[in-house]
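What follows is a set of notes on a single structure, which appears directly below.
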Amino acid sequence: MVKDDDRSQVMKQIDANLRKVYQETLEQEIPERFQQLLERLKERDSGDDRG
Amino acid sequence: MTVGDPREEVIQHLPPLRAFAMSLTQESSAADDLVQDTIEKAWINFDKFEPGTNLRAWLFTILRNTFYSDRRKRRREVADVDGAHAAGLAEKPAHDGRLAMRDFRAAFQQLPDEQREALILVGAGGFAYEEAAEMCGCALGTIKSRANRGRRRLAELLGLEEGEEMLIEDRAAVGVLSSKPPAT
């Protein structure tokens, strides 16, 4: 029989590892293409402001 | 900051959107294409966004809907992916209480999409189960069960015994969501 405490310990550690993995992408620099995309979209809005 | 245009806030949500996209597509250029499509869709639908509600959840929802709708379109192409993934981790990795990031990654990639998604949303992304359920358009119990099945499956694939320590050994080796395939 598996003890519930032990099982929840494993699950917590799985989550801790998931967070590490996720964090790694969060810390990456945002590629230039996204800055450009946002600028393009904003420009399009201001050129097309029909309210 | 004024409670202003949500368009101005999109940029703050780019890192988590990329992390979520990476976990779904498992490939960085596909992930960035998915994020780009998401932003473009969000932009033309901003009139449907309710100010004061969770912008990140709204963007994540668009991202996942885009991912699944793209995937349906090219289902035939990727039909073999599961087989290829299954071959990726033929044996339980040997480990001495420390988990190599690459093993964690290989195991994570083998999970079904809906389990990976549930785990990223609630396990890593910090969303409540209720929010994740809403974003995925399913019942609360469904999200809980997907996340729990995903965790159990990961433990099983990694050969973890209950009570065993298994923190990832080395930050430098971390690359699960950010790895690029070797240049060709």
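If you're matching them up, the sequences are chains D and P in order.
Just so we're aligned, residue 552 is where the first sequence starts under my numbering, counting upward by one.
Just so we're aligned, residue 24 is where the second sequence starts under my numbering, counting upward by one.
Glycine included, every Cβ here is placed at the ideal spot set by N, Cα and C.
For clarity, every value in this text was computed on a predicted model and none was experimentally measured.
The Cβ atoms of E32 (chain P) and L78 (chain P) sit closer than 8 Å to each other.
Listed along the chain, the chain D residues whose CB falls inside 7 Å of the CB of F90 (chain P) amount to none; the nearest CB is some 16 Å away. In chain order, R169, A170, R172, G173 and R176 place their CB closer than 8 Å to the CB of Q138 (chain P), counting only its own chain and leaving out the 5 sequence neighbours on each side. By the neighbour-count definition (other C-beta atoms within 10 Å, threshold 16), I143 (chain P) is a buried residue.
Going by DSSP, D70 (chain P) is part of no alpha helix (DSSP H) at all; its letter is neither H nor E.
Looking at the backbone, the Cα of R584 (chain D) and that of R558 (chain D) are separated by about 43 Å.
In this structure, the straight-line span from the alpha carbon of A151 (chain P) to that of S597 (chain D) is close to 37 Å. For I34 (chain P), the C-beta contacts it makes with chain D under 9 Å involve I581, F585, Q586 and L589, in order along the chain.
Relative to P39 (chain P), the option among D:N568, D:Q579 and D:Q586 whose CA is nearest is D:Q579.
For E153 (chain P), the three-state secondary structure derived from DSSP is helix. Under the Cβ criterion of 8 Å, G148 (chain P) is counted among the residues facing chain D.
If you check the CB distance, F72 (chain P) and P29 (chain P) come in under 8 Å. It is roughly 11 Å from the alpha-carbon of V561 (chain D) to the alpha-carbon of N568 (chain D). Chain D has a Cβ within less than 8 Å of the Cβ of A42 (chain P).
The three-state secondary structure of C159 (chain P), taken from DSSP, is helix. Between the C-alpha atoms of D60 (chain P) and F90 (chain P) there is a straight-line separation of about 9 Å. Around the C-beta of S51 (chain P), 16 or more other C-beta atoms lie within 10 Å, and the residue is accordingly described as buried. Per DSSP, reduced to three states, the secondary structure at P29 (chain P) is helical. According to the DSSP assignment, G598 (chain D) belongs to the alpha helix (DSSP H) that extends over E583 to G598.
Each of P:E154, P:L180, P:K167 and P:C161 was checked against the Cα of T76 (chain P), and the nearest Cα belongs to P:E154. In this model, P582 (chain D) and V58 (chain P) are separated by some 11 Å (Cα to Cα). Going by beta carbons, A130 (chain P) and L181 (chain P) fall inside the 8 Å limit. For Q574 (chain D), the three-state secondary structure derived from DSSP is helix.
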